[in-house]
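Residue numbers (UniProt numbering): 1 to 289.
This is the structure:
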């Protein structure tokens, strides 16, 4: 028996459409499943937890949604060592990208999931909470804080609007960053602790990050002018920003960050710094393209 977890509000309703398709695909291929959903993240988490408690031999979790749903799922499947996959139906879908799946290869992904064995991947662990893609703090977290209070616009444009509102008054902050082999004491605009390569819907903040190497790529954006920031920012979609002299990338298994700032992971609010982060090798199993 599989768990089919559907977030109906993912991608402004795309979750329902894609979830219906996935259910049809599983029925067509005679794959037994139970649909699990809810009207809030707490409800989805509670319903999935109850299902897994009743079905300890669950073959796997197929989740239809985005990075937020993935973040919920891994908190439950990692302790029980149940494999999972994310079918992209969210706004960002960056974890799916990290696994190498094309966002339009739905049938191929489903066929692979129900017919092959999963492989092990790394996850991040921040103060007892799992994350799959990227933990970050700095300007992007401030933008997330702002975007979460905005009723308009909807979708990806909300993030762009929040950037426009926050950038004029943004100031770099001082960070103490402890790594495996050194400590970095610096002013910075943004810090990204990357298990996956991208966040924010395809921004390749750490384009060389690898979910199978047991290490984070840690990107530090040192202070630059706001005009320079606006020139460099578009380069993040191609990953070419890493050649800029203000961008520093180091690799580490353990990362601790102290500052008067807030951290986000997988687009979800982690909370106020300080945080201690560790890359856990082979933490969970999923299907990689």
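For each residue, glycine too, the CB sits at the ideal point set by N, CA and C.
Everything numeric in this text was worked out from a predicted model, so none of it was measured.
### Message
Taking the alpha carbon of residue 68 as the reference point, which residue from 83, 239, 89 and 61 has its own alpha carbon closest?
### Response
Ranking 83, 239, 89 and 61 by Cα distance to residue 68 puts 89 first.
### Message
Could you check whether the segment 244-255 touches the segment 213-224, counting it as contact only if at least three pairs of C-beta atoms, one from each stretch, sit closer than 8 Å?
### Response
yes
#### Entry: Inter-stretch contact at 8 Å, needing at least 3 Cβ pairs: the segment 108-126 / the segment 280-289
Counting C-beta pairs closer than 8 Å gives three or more between the segment 108-126 and the segment 280-289, which meets the contact rule.
### For residue 70, the first and last residue of its enclosing alpha helix (DSSP H)
67-80
### Query
Alpha carbon to alpha carbon, what distance is there between residue 185 and residue 169?
23 Å
### Query
Which residues mark the beginning and the end of the beta strand (DSSP E) in which residue 272 is found?
268-272 is the extent of the beta strand (DSSP E) around residue 272.
### Query
My guess is that residue 92 and residue 200 are in contact by the Cβ rule of under 8 Å, so how many angstroms apart are they, rounded?
A Cβ-Cβ separation of about 6 Å places residue 92 in contact with residue 200 under the 8 Å criterion.
#### Entry: Residue from 36, 237 and 35 with nearest C-alpha to residue 204
237
#### Entry: Extent of the continuous beta strand (DSSP E) run through residue 119
119-126
### Query
Taking the alpha-carbon positions, what's the residue 76 to residue 61 distance?
Residue 76 and residue 61: Cα-Cα distance of roughly 10 Å.
### Task
State the DSSP-derived secondary structure class of residue 282, mapped to helix, strand or coil.
DSSP places residue 282 in strand when its eight states are reduced to three.
### Query
Roughly how many whole angstroms lie between the Cα atoms of residue 1 and residue 171?
Rounded to whole angstroms, the gap between the alpha carbons of residue 1 and residue 171 is 52 Å.
### Message
Any heavy atom of the ligand GTP closer than 8 Å to the beta-carbon of residue 260?
### Response
Questions concerning the ligand GTP fall outside what the structure shown contains, since it holds no ligand whatsoever.
### Bounding residues of the beta strand (DSSP E) (the contiguous stretch that carries residue 254)
Under the DSSP assignment, residue 254 falls in the beta strand (DSSP E) whose first and last residues are 254-258.
### Message
My assumption, with CB atoms under 8 Å, is that residue 70 sits in contact with residue 132. Please give the rounded CB distance.
### Response
6 Å
### Query
Per DSSP, what kind of secondary structure is residue 181 in: helix, strand or coil?
coil
### Delimiting residues of the alpha helix (DSSP H) encompassing residue 105
Looking at the DSSP string, residue 105 is not in any alpha helix (DSSP H), and its letter there is neither H nor E.
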